[in-house]
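J.:
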Amino acid sequence: MGGGTGTEYEKMTPDAACIIAAISGRGKTNCHHHRPERRENGGERQNGSLCYVQKMRRIYLDHNATTPVRTEVLDAMLPYFSGEYGNASSIHTFGQRARGAVETAREQVAELLNASPQEIVFTSGGTESDNHAIFGVVRASSTEQRQVHVITSAIEHEAVLNSCQELQKQGVQVTYLRVSSDGLIDLEELRRAVRPETVLISVMHANNEIGTVQPLKQIGEIATEHKIYLHTDAVQSVGKIPVDVQGSQVHLLALSGHKIYGPKGVGALYIESGTRVAQLLFGGHHQRGFRPGTENVAAIVGLGKAAELARLSLGEDAARIGALRNRLEQQLVSRVPDCHANGAGAARTPNTSNITFAGIEAEALVIALDLKGLACSTGAACSSGAVQPSHVLTAIGLRESEARASARFSLGRGTTSADIDAALAIIPAAVGQLRELSPTYHSSSPAALRQTSK
Ligand code: PLP
28 MGGGTGTEYE
38 KMTPDAACII
48 AAISGRGKTN
58 CHHHRPERRE
68 NGGERQNGSL
78 CYVQKMRRIY
88 LDHNATTPVR
98 TEVLDAMLPY
108 FSGEYGNASS
118 IHTFGQRARG
128 AVETAREQVA
138 ELLNASPQEI
148 VFTSGGTESD
158 NHAIFGVVRA
168 SSTEQRQVHV
178 ITSAIEHEAV
188 LNSCQELQKQ
198 GVQVTYLRVS
208 SDGLIDLEEL
218 RRAVRPETVL
228 ISVMHANNEI
238 GTVQPLKQIG
248 EIATEHKIYL
258 HTDAVQSVGK
268 IPVDVQGSQV
278 HLLALSGHKI
288 YGPKGVGALY
298 IESGTRVAQL
308 LFGGHHQRGF
318 RPGTENVAAI
328 VGLGKAAELA
338 RLSLGEDAAR
348 IGALRNRLEQ
358 QLVSRVPDCH
368 ANGAGAARTP
378 NTSNITFAGI
388 EAEALVIALD
398 LKGLACSTGA
408 ACSSGAVQPS
418 HVLTAIGLRE
428 SEARASARFS
438 LGRGTTSADI
448 DAALAIIPAA
458 VGQLRELSPT
468 YHSSSPAALR
478 QTSK
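All residue numbers for the sequence shown refer to my numbering, where the first residue is 28 and numbers rise by one.
(1) Considering only the alpha carbon of each residue, which of L398, V187, T170 lies closest to D157?
(2) Excluding the 5 residues preceding and the 5 following F121 in the sequence, name in chain order all residues of the same chain whose CB lies nearer than 6 Å to its CB.
(3) Just tell me which of V226, V458, F149, L88 has its CA closest to the CA of A295.
(4) Measuring straight from C-alpha to C-alpha, what distance separates F384 and L355?
(5) Please state if the CB of G370 and the CB of I237 are separated by a distance shorter than 9 Å.
(6) If the criterion is Cβ atoms closer than 9 Å, does the pair V230 and H176 meet it?
(7) How should R426 be labelled, buried or exposed, when 16 other C-beta atoms within 10 angstroms of its C-beta is the threshold for buried?
(8) Skipping 5 residues on each side, what residues in its chain have a beta carbon closer than 8 Å to that of L214?
(9) Report the three-state DSSP secondary structure of S156 (helix, strand or coil).
(10) Taking its Cβ as the centre, do 16 or more other Cβ atoms sit within 10 Å of P223, making it buried, or is it exposed?
(11) Pop quiz: S6 and E146 are said to be a contact at Cβ under 8 Å. What is the actual Cβ separation, rounded to whole angstroms?
(12) Based on Cα-Cα distance, which residue from G292, G284, T251 lies nearest to Q273?
(13) Counting C-beta neighbours from all protein chains within 10 Å, is the total for T56 16 or more, i.e. buried, or is it exposed?
(14) Give a single yes or no on whether G152 has its beta carbon closer than 8 Å to a heavy atom of ligand 1.
(15) List the endpoints of the continuous beta strand (DSSP E) containing R435.
(16) Please give me, in chain order, every unbroken run of the beta strand (DSSP E) with length at least 3 that falls completely inside the segment 344-376.
(17) Is any heavy atom in ligand 1 found nearer than 8 Å to the beta carbon of Q263?
(18) Tell me whether Q145 sits in a helix, a strand or coil according to DSSP, three-state version.
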């Protein structure tokens with residue numbers, strides 16, 4: 028939307044705009060909420076529910092939270108909202124065309140994972156896929172006489188952690204593996220955790236907050252040796268690094284459309300043929316009755332296209348994005364005193380950098396950077412606003428104050444070298460400003476102590 032004479036404005040809720048205006052010190056001058064003369068901008072509804080603030084170039088470094096839908100993906104989806112509106116279960120031509128599109132998408136997702144199409148079940152996203160894998164295996168293995176046990180890690184996404192906590196309430200025993208300071212599980216600890224009643228190991232492939240990649244192949248070997256099913260939450264690895272379900276002996280794998288430049292609200296669960304998984308939903312005959320519900324054809328088509336494009340561009344994207352991430356991280360660590368990158372000693376997804384800036388509150392940094400046009404995160408997007416420090420960062424051994432001082436920068440296909448230059452200009456200055464305001468930084472930071480002892 029335009030703002031008239033050269034200046035562009037963007038829409039926000041009055042609350043967000045006023046908070047930004049207040050924090051930025053730009054006060055009332057920049058916010059249409061306080062400037063009635065701006066009310067004609069864009070010809071939008073002017074019922075007090077919207078506000079306009081000056082538009083700026085925005086840099087998005089939060090791709091682990093979500094990614095933009097690729098143009099090719101949107102183009103592939105669009106016909107299924109209008110002309111191709113058939114129900115994929117109908118036997119007439121409308122339905123069969125939709126069915127064909129769904130099955131093509133199943134092949135595309137399978138190919139990305141080195142799986143067979145019949146091993147792919149479409150779901151509503153990563154959360155449903157994780158839930159289905161965990162509750163499905165446990166239900167299929169439990170009997171009244173049989174006590175069952177599940178092994179997972181302390182740094183899983185809430186979709187796995189909260190599922191496991193729910194299982195515990197239902198009497199299932201769960202072991203949460205600790206991780207090293209780089210966020211890796213210890214394979215010997217995993218071996219020791221296995222019990223005769225263990226039915227499932229659920230360990231994520233790549234971590235959403237620090238990007239650490241677990242040794243899936245070795246975990247798969249341990250699971251196979253003990254005849255235990257292995258589920259992996261691969262929501263953050265699929266599309267970023269190669270994922271091969273056969274090479275890693277994984278039985279179940281969760282992925283999500285909106286993390287791979289596909290639409291939100293769609294995902295998939297890979298289930299190796301022969302794996303015993305109970306169904307969780309009951310209804311019609313969709314997806315062989317195993318996951319009933321009329322297929323969201325457009326979203327599934329989008330997921331399939333996104334999977335195909337990810338397979339084709341993965342190598343090139345990983346190399347380019349990895350080089351940008353490394354430059355950002357190395358430069359930040361060398362330019363900003365008292366900061367360190369988390370998980371940097373382990374294999375990581377190439378796009379993720381999590382940095383602790385001693386003496387600041389990451390929430391304040393995220394707001395300060397947003398004011399300068401840079402979007403990043405304090406950790407998992409779903410936990411923003413939660414007062415608890417990140418469970419991932421405390422699990423790798425950070426003190427609570429350090430965990431609260433950590434920000435995640437996650438790059439993506441749209442990130443350019445110019446974005447990184449801009450980020451390198453913005454972030455050190457913002458950290459410096461916050462540290463000047465910090466009551467604790469000067470007295471406790473090693474750099475400050477070094478300075479005072481000079
Ligand atoms: N697992 C991981 C590692 C994630 O990062 C996310 C989302 O952030 C999920 C699961 C949940 O996926 P969805 O948003 O598709 O439900």
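Beta carbons: idealized from backbone N, C-alpha and C, even for Gly.
T.: Let's see:
(1) Nearest option by C-alpha distance: V187.
(2) G113
(3) F149
(4) Their Cα atoms are separated by approximately 14 Å.
(5) Yes, Cβ-Cβ distance for I237 and G370 is below 9 Å.
(6) No.
(7) exposed
(8) P242, Q245, I246, I249
(9) helix
(10) exposed
(11) No answer is possible for residue 6: it lies beyond the span of the chain, which begins at 28 and ends at 481.
(12) T251
(13) Here T56 scores only 38 on pLDDT, less than 50, and its place in the model should not be relied on; the value that follows carries that caveat. Exposed: under 16 other Cβ atoms inside 10 Å.
(14) yes
(15) Unbroken beta strand (DSSP E) run through R435: 433-437.
(16) 366-369
(17) yes
(18) helix
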